[in-house]
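Chemist: At the far end of the sequence shown sits residue 1742, using our numbering, and the numbering has no gaps.
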Amino acid sequence: MRRAITIVIVLLTTLVTALSAWQRRPRSFFEEDEPLVLPSDANEKTEYTFARVRYPSVRASGLWAMRGSWTVDYPKADRQFVQGVRRLTRINTRSVEQVVDLVSDDIFNYPWTYVVEAGHWDLPESQARKLREFLDRGGFLMTDDFHGTFEWEIFTASLNRVIGNRPITDIDNSDPIFHVLYDLDERFQVPGIVMFSTGQTWEYDGVDPKWRCVRDDQNRIIIAICHNMDLGDAWEWADHPQYPEKYASLAYRIGINYIIYSMTH
């Protein structure tokens, strides 16, 4: 009996020690976070709202096949980014995001919009027309988190239905969008958390970050294209001790510059 009791005590001690060590370990990027609590001011009417576009996907795998590629990083990235906007600017910013569709006129209520995983979208002609009307009315679209040649081809297949013969061009360092609040001459690739498993900041053959745009007839940027980078991951994991601060800081500055540019140009 004494021997059995001793064995039980040893096993319990080992279990408690292992559990304590597990609780103290660095949080994995792939662990589920605690459910986000809806802020008390979520329904406040504000000057700016982060609007995420919901779109049909051409391909997806795993969880994204069920939820849709538009949901990547949602809603944590959006919530953390807008907290940065509230803290770092005087823009009266809503504390939660808004999902908008291209099947109704609701998008016209949110002049700044965001598309994640743009290399997976597949816009039918009706939604392309709605997005084109949104842009013609003065709307602004930011695309993010798609990589390499293959996803670029998927992205432009839908985009060309929207912009017609308008060209896609690189944004020059001197452009106002890089200087409207923060001076962003020295930009670099902002990686997703995939870098912790691959050891590299790029995905597929998207080695070089590309800052591109589409402009209207007045030379105003109406679509800001972040290719070969993942700002959404940087926003989402900015609070994680393993995600490098330099990437998160640049991602916040880029997003904030794009918002202010869209509201002032």
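Quick reminder that beta carbons are idealized off the backbone N, C-alpha and C, glycines included. Since the structure is predicted, the reported quantities are computational estimates derived from the model, not experimental observations.
Let me make sure I understand the geometry here. Which of 1625, 1588, 1598 has the alpha-carbon closest to that of residue 1610?
Modeler: If you number the sequence shown from 1, residue 1610 lands on position 133. Of 1625, 1588, 1598, the residue nearest in Cα terms is 1588.
Chemist: Taking Cβ positions, are residue 1579 and residue 1607 nearer each other than 8 Å?
Modeler: For the purposes of this step, residue 1579 is taken as residue 102 along the sequence shown, with counting starting at 1. For the purposes of this step, residue 1607 is taken as residue 130 along the sequence shown, with counting starting at 1. It is a contact, given that the beta carbons lie within the stated cut-off.
Chemist: Per DSSP, which residues does residue 1701 bridge with? Please list them.
Modeler: Numbered from 1 along the sequence shown, position 224 holds the residue referred to as residue 1701. 1619, 1690.
Chemist: Is the beta carbon of residue 1618 less than 8 Å from the beta carbon of residue 1592?
Modeler: Within the sequence shown, the letter at position 141 stands for residue 1618. Within the sequence shown, the letter at position 115 stands for residue 1592. Going by C-beta atoms, residue 1618 is nearer than 8 Å to residue 1592.
Chemist: One question on the structure: do residue 1620 and residue 1737 come within less than 8 Å of each other, judged by their Cβ atoms?
Modeler: Taking the sequence shown and counting its residues from 1, one reaches residue 1620 at position 143. Taking the sequence shown and counting its residues from 1, one reaches residue 1737 at position 260. For residue 1620 and residue 1737, no; Cβs fall outside 8 Å.
Chemist: Within its chain, find whatever has a CB closer than 6 Å to the CB of residue 1590; leave out the 5 residues flanking it on each side and keep chain order.
Modeler: The count along the sequence shown starts at 1 and reaches residue 1590 at position 113. Closer than 6 Å at the Cβ level, and outside the excluded window around residue 1590, lie 1528, 1530, 1618.
Chemist: Using CA atoms only, rank isn't needed, just tell me which of 1688, 1680, 1710 is closest to residue 1650.
Modeler: The residue given as residue 1650 occupies position 173 in the sequence shown. For the residues 1688, 1680, 1710, the minimum Cα distance to residue 1650 belongs to 1688.
Chemist: Would you list the residues sitting across from residue 1603 in a DSSP beta bridge?
Modeler: On the sequence shown, residue 1603 is found 126 positions in, with the first residue counted as 1. BP columns for residue 1603 are empty, so no partner.
Chemist: Measure from the alpha carbon of residue 1550 to the alpha carbon of each residue in 1735, 1669, 1523, 1629, then state which is nearest.
Modeler: As a first step, residue 1550 is located in the sequence shown; it is residue number 73 there, counting from the start. Residue 1550 has its Cα closest to that of 1669, out of 1735, 1669, 1523, 1629.
Chemist: Measure the beta-carbon distance from residue 1658 to residue 1733 and round it to whole angstroms, keeping in mind my assumption that it falls under 8 Å.
Modeler: Taking the first residue of the sequence shown as 1, we reach residue 1658 at position 181. Taking the first residue of the sequence shown as 1, we reach residue 1733 at position 256. A Cβ-Cβ separation of about 6 Å places residue 1658 in contact with residue 1733 under the 8 Å criterion.
Chemist: Thinking C-alpha only, which one of 1548, 1532, 1735 is nearest residue 1600?
Modeler: Here residue 1600 is taken as the residue at index 123 of the sequence shown, counted from 1. For residue 1600, the nearest C-alpha among the options comes from 1532.
Chemist: Grab the span of the beta strand (DSSP E) containing residue 1589 for me, first residue to last.
Modeler: Counting from one through the sequence shown, the residue named residue 1589 turns up at place 112. 1589–1593 is the span of the beta strand (DSSP E), which, as asked, contains residue 1589.
Chemist: So is residue 1565 buried or exposed if we call it buried at 16+ other beta carbons inside 10 Å?
Modeler: Indexing the sequence shown from 1 puts residue 1565 at position 88. With fewer than 16 other Cβ atoms within 10 Å, it is exposed.
Chemist: Using beta-carbon positions only, say whether residue 1597 and residue 1534 come within less than 8 Å of one another.
Modeler: Against the sequence shown, residue 1597 aligns to sequence position 120. Against the sequence shown, residue 1534 aligns to sequence position 57. Result yes, Cβ atoms of residue 1597 and residue 1534 sit closer than 8 Å.
Chemist: Measure from the alpha carbon of residue 1512 to the alpha carbon of each residue in 1653, 1546, 1522, 1556, then state which is nearest.
Modeler: By one-based count along the sequence shown, residue 1512 stands at place 35. The shortest Cα separation from residue 1512 among 1653, 1546, 1522, 1556 belongs to 1556.
Chemist: Closer than 6 Å by C-beta to residue 1683: which residues in its own chain qualify, once you throw out the five before and the five after it? Chain order, please.
Modeler: Looking up residue 1683 in the sequence shown gives position 206. These residues qualify, in order along the chain: 1624, 1625, 1705.
Chemist: Any idea what DSSP makes of residue 1525, helix, strand or coil?
Modeler: Sequence index remark: in the sequence shown, residue 1525 carries index 48 (1-based). Strand.
Chemist: Just tell me which of 1573, 1582, 1722 has its CA closest to the CA of residue 1523.
Modeler: In the sequence shown, residue 1523 corresponds to position 46, counting from 1. Cα-wise, what sits closest to residue 1523 is 1573.
Chemist: Indicate whether the contact test is met: 3 or more Cβ pairs, each with one atom in the stretch 1638–1652 and one in the stretch 1713–1731, closer than 8 Å.
Modeler: no
Chemist: Buried or exposed: where does residue 1615 fall if 16 or more other Cβ atoms within 10 Å of its Cβ makes it buried?
Modeler: Indexing the sequence shown from 1 puts residue 1615 at position 138. Looking at its Cβ environment, which holds fewer than 16 other Cβ atoms inside 10 Å, residue 1615 is exposed.
Chemist: Is residue 1679 helix, strand or coil by DSSP?
Modeler: The count along the sequence shown starts at 1 and reaches residue 1679 at position 202. Three-state DSSP puts residue 1679 in coil, outside helix and strand.
Chemist: Could you give the distance in angstroms between the alpha-carbon of residue 1660 and the alpha-carbon of residue 1677?
Modeler: Numbered from 1 along the sequence shown, position 183 holds the residue referred to as residue 1660. Numbered from 1 along the sequence shown, position 200 holds the residue referred to as residue 1677. Between residue 1660 and residue 1677, the C-alpha separation is close to 26 Å.
Chemist: DSSP three-state call for residue 1557: helix, strand or coil?
Modeler: On the sequence shown, residue 1557 is found 80 positions in, with the first residue counted as 1. Residue 1557 falls in the helix class under three-state DSSP.
Chemist: Give me whichever residues DSSP pairs with residue 1534 in a beta bridge.
Modeler: Stepping through the sequence shown from its first residue, residue 1534 is reached at position 57. Looking at the DSSP assignment, residue 1534 forms a beta bridge with 1598.
Chemist: Assign residue 1628 to one of two classes, buried (16 or more other C-beta atoms within 10 Å of its C-beta) or exposed (fewer than that).
Modeler: Position 151 of the sequence shown, counting from 1, holds the residue named residue 1628. Buried.
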